[in-house]
Amino acid sequence: DAGVIQSPRHEVTEMGQEVTLRCKPISGHDYLFWYRQTMMRGLELLIYFNNNVPIDDSGMPEDRFSAKMPNASFSTLKIQPSEPRDSAVYFCASSLRFFNQPQHFGDGTRLSIL
Amino acid sequence: TQLLEQSPQFLSIQEGENLTVYCNSSSVFSSLQWYRQEPGEGPVLLVTVVTGGEVKKLKRLTFQFGDARKDSSLHITAAQPGDTGLYLCAGNIGGSARQLTFGSGTQLTVLP
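Take a look at the structure:
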């Protein structure tokens, strides 16, 4: 079975540019999570969705970040305008709706803002 | 402020040695999960513990959830190079919440 698929795997761009990260969750999963991982702050939850509806976006750093889930099989995380401090590995994860289910992670997008 | 503190942050040992990694919090968690992450990949679930005092074994790995459900430990017996990776604990506060709070991680290196 296909796992969570993220694209692109690597992104290098200049500050000020718009960046769009994409995620395809595992089919049938009800929850989708976006995380950011850095050496300094570890793995931080940015936002999560239940049945395509955003439930908690309190981890989104600022208005430059936005996330959408137009349907059950696709989500985007957008940064506009990007800044060097946004450089990190961004992960998408999905899970079933039942309590204590594992979160299945994609392989991440390594983002570098120059 | 990290709700879940892991120690040690880094650990380098020889193959065959035993080790214990700790995950501590001042908060009570309804459940706690342990993940392992390898370079270039996302974290992968190892185990979920739910009941205070619960002990689970996965081959050479033993996981324990504290009686008060505020802390957990991971013990590896006779470590092997294949155990190398970043070990992350993650807590869920329960109720309708599905989000996890991840610990700071323990980077384990097992030398052959």
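Chains D and P are the protein sequences, given in the same order.
If you're matching positions, the first sequence starts at 610 in our numbering and goes up one per residue.
If you're matching positions, the second sequence starts at 22 in our numbering and goes up one per residue.
Every residue, glycine too, gets a C-beta built ideally from N, C-alpha and C.
For residue i, count neighbouring Cβ atoms within 10 angstroms of its own Cβ and tell me buried if that reaches 16, exposed if not.
{"i": "Gln35 of chain P", "result": "exposed"}
{"i": "Ala611 of chain D", "result": "exposed"}
{"i": "Met604 of chain D", "result": "In this structure chain D extends from 610 to 723, so residue 604 of chain D is not present and cannot be described."}
{"i": "Leu138 of chain P", "result": "Past the edges of chain P, shown from 22 to 133, lies residue 138 of chain P, and the structure says nothing about it."}
{"i": "Val613 of chain D", "result": "buried"}
{"i": "Asp69 of chain P", "result": "Here the sequence assigns Thr to residue 69 of chain P, which means Asp is not the residue at that position. Burial call: buried."}
{"i": "Pro60 of chain P", "result": "exposed"}
{"i": "Ser704 of chain D", "result": "buried"}
{"i": "Asp88 of chain P", "result": "exposed"}
{"i": "Asp695 of chain D", "result": "buried"}
{"i": "Phe714 of chain D", "result": "buried"}
{"i": "Arg81 of chain P", "result": "exposed"}
{"i": "Val628 of chain D", "result": "buried"}
{"i": "Val42 of chain P", "result": "buried"}
{"i": "Phe707 of chain D", "result": "exposed"}
{"i": "Ser28 of chain P", "result": "exposed"}
{"i": "Gly112 of chain P", "result": "buried"}
{"i": "Asp92 of chain P", "result": "buried"}
{"i": "Pro670 of chain D", "result": "exposed"}
Can you give me the Cβ contacts of residue i inside the same chain, cut-off strictly under 7 Å, excluding the 5 residues immediately before and after it?
{"i": "Val131 of chain P", "result": "Ile34, Glu36, Ala100, Gln101, Pro102, Asp104 and Thr105"}
{"i": "Pro617 of chain D", "result": "Thr718"}
{"i": "Glu653 of chain D", "result": "Tyr644, Arg645 and Gly668"}
{"i": "Ala681 of chain D", "result": "Asn661"}
{"i": "Ala118 of chain P", "result": "none"}
Less than 8 Å between C-beta atoms, sequence neighbours within five positions excluded: which residues of the same chain meet that for residue i?
{"i": "Thr22 of chain P", "result": "Bear in mind that a pLDDT of 46 at Thr22 of chain P, under 50, signals an unreliable position, so the number given afterwards is only what the model happens to contain. None."}
{"i": "Met624 of chain D", "result": "Pro690, Ser691, Glu692, Pro693, Ile722 and Leu723"}
{"i": "Leu40 of chain P", "result": "Leu32, Ile34, His96, Ile97, Ala100 and Leu129"}
{"i": "Leu66 of chain P", "result": "Gln54, Trp55 and Tyr56"}
Which bits of chain D does residue i rub up against, with CB to CB less than 8 Å?
{"i": "Gln75 of chain P", "result": "The question names Gln, but residue 75 of chain P is Glu in the sequence shown. What Glu75 of chain P touches in chain D: nothing, since even the nearest Cβ is about 12 Å away."}
{"i": "Phe86 of chain P", "result": "The contacting residues do not exist; Phe86 of chain P stays about 12 Å from chain D at best."}
{"i": "Gly128 of chain P", "result": "In the sequence as displayed, the identity of residue 128 of chain P is Gln instead of Gly. Going along chain D, no residue has its Cβ under 8 Å from Gln128 of chain P, so there is no contact; the nearest lies around 10 Å."}
Just to make sure I have the definition right: I need the residues of chain P whose C-beta is within less than 7 Å of the C-beta of residue i. Which are they?
{"i": "Tyr699 of chain D", "result": "By Cβ distance, chain P contributes nothing, its closest Cβ being about 11 Å from Tyr699 of chain D, past 7 Å."}
{"i": "Asp665 of chain D", "result": "Gln120"}
{"i": "Ser636 of chain D", "result": "The premise fails here: Ser636 of chain D is roughly 18 Å from chain P at the closest Cβ pair, so nothing lies under 7 Å."}
Can you name the residues of chain D whose CB is closer than 7 Å to the CB of residue i?
{"i": "Phe123 of chain P", "result": "Gly651 and Leu652"}
{"i": "Gly61 of chain P", "result": "Asp716"}
{"i": "Leu136 of chain P", "result": "Coverage of chain P is limited to positions 22 through 133, which leaves residue 136 of chain P absent and any answer about it impossible."}
Since residue i meets chain P, which of its residues come closer than 9 Å, beta carbon to beta carbon?
{"i": "Pro711 of chain D", "result": "Gln54, Tyr56, Val65, Leu66 and Thr69"}
Which residues in the same chain have their Cβ closer than 6 Å to the Cβ of residue i, if we skip the five residues on either side of it in sequence?
{"i": "His619 of chain D", "result": "Arg719"}
{"i": "Lys687 of chain D", "result": "Thr629 and Ser675"}
{"i": "Arg631 of chain D", "result": "Ser616 and Thr685"}
{"i": "Asp666 of chain D", "result": "Ile656"}
Just to make sure I have the definition right: I need the residues of chain P whose C-beta is within less than 8 Å of the C-beta of residue i. Which are they?
{"i": "Ala611 of chain D", "result": "Ordered by position in chain P, no residue passes the 8 Å Cβ test against Ala611 of chain D, which lies about 14 Å from the chain."}
{"i": "Ser704 of chain D", "result": "Arg119"}
Exercise for the section: Give, in chain order, every unbroken run of the beta strand (DSSP E) that is at least 3 residues long and sits entirely within the stretch 33 to 112 of chain P. Expected result: Segments of the beta strand (DSSP E) lying fully in the stretch 33 to 112 of chain P: 40 to 45, 52 to 58, 65 to 70, 76 to 79, 82 to 86 and 92 to 97.
Handout entry: Stretch pair the stretch 66 to 82 of chain P + the stretch 120 to 128 of chain P: three plus CB contacts closer than 8 Å
Key = With a cut-off of 8 Å, the stretch 120 to 128 of chain P and the stretch 66 to 82 of chain P do not count as touching, because too few Cβ pairs lie within range.
Practice task
Pick out the complete beta strand (DSSP E) segments inside the stretch 638 to 671 of chain D, 3 residues or longer, and give them in chain order.
Solution key: Taking only runs of at least 3 residues, the beta strand (DSSP E) segments lying wholly in the stretch 638 to 671 of chain D are 640 to 647, 651 to 659 and 662 to 665.
Practice task
Give, in chain order, every unbroken run of the beta strand (DSSP E) that is at least 3 residues long and sits entirely within the stretch 676 to 721 of chain D.
Solution key: Entirely contained in the stretch 676 to 721 of chain D, the beta strand (DSSP E) runs reaching 3 residues are, in chain order, 683 to 688 and 697 to 704.
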